[in-house]
Amino acid sequence: DTPPGTVLRVEARATDFTGLTASDAADVRVVAAPPPGGGVVAGVVYDDTMGLPIEGVTAQLISLDGSAPGPTLPQAATDTRGRFRLSSRPGSARIRIFKSGFTESYRVVTVVDGKRTDPFDARLT
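So the mapping is simple: this note's numbering equals the position in the sequence shown, first residue as 1, plus 78.
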């Protein structure tokens, strides 16, 4: 088993019937499976001024159905493409998205058991 947080390099190569080849590669971060009875919130954070993804933004689950989700607030940092993923129990989740030097943003999403929820992209200024 590959532990969550590990970054793997995935490469694909193809050759067509004329012999032309193409290839591409991407880095993929391994994430933990949603907890039993839970789902995943995934999103992307952009710099609203430049339109570019922001790395190192914190996405933090601050409430679930109006209450704190537990003694510690689940959080995740965005990768180089501005992407984040959070696992949560089902319910109405409020996500705080922040990074020093930017205004913070909030998103309210419904977490569905066994599903991935993609809120609107967050744009920080």
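Just so you know, even glycine gets a beta-carbon here, dropped at the ideal spot from N, CA and C.
{"Check": "In terms of alpha-carbon separation, which member of Ser141, Pro82, Val119, Thr80 lies closest to Asp191?", "Outcome": "Val119"}
{"Check": "Taking the alpha-carbon positions, what's the Gly169 to Thr136 distance?", "Outcome": "21 Å"}
{"Check": "Please return the same chain residues whose Cβ sits closer than 6 Å to the Cβ of Ala104, not counting the five positions on each side in sequence.", "Outcome": "Val88"}
{"Check": "Tell me which residues share the same chain as Thr225 and place their Cβ nearer than 8 Å to its Cβ, disregarding the 5 neighbours each side in the sequence.", "Outcome": "It is not possible to answer for residue 225, since the shown part of the chain is limited to 79 through 203."}
{"Check": "Quick check: the Cα distance between Pro197 and Val187, rounded to an integer number of angstroms?", "Outcome": "6 Å"}
{"Check": "On the premise that Arg174 lies in contact with Leu142, defined as a C-beta separation below 8 Å, what is that separation, rounded to the nearest angstrom?", "Outcome": "Going by Cβ atoms, the distance from Leu142 to Arg174 rounds to 13 Å, so no, they are not a contact pair."}
{"Check": "Helix, strand or coil for Thr127? Go by DSSP, reduced to three states.", "Outcome": "coil"}
{"Check": "Which of the three DSSP states is assigned to Ile132 in this structure?", "Outcome": "coil"}
{"Check": "Would you please state the rounded distance, in angstroms, between the beta carbons of Val108 and Gly160? I believe it to be under 8 Å.", "Outcome": "Wrong, their Cβ atoms sit about 18 Å apart, outside the cutoff."}
{"Check": "Counting only the same chain and skipping the five closest in sequence on each side, list residues whose C-beta sits under 7 Å from that of Asp157.", "Outcome": "Arg107, Glu133"}
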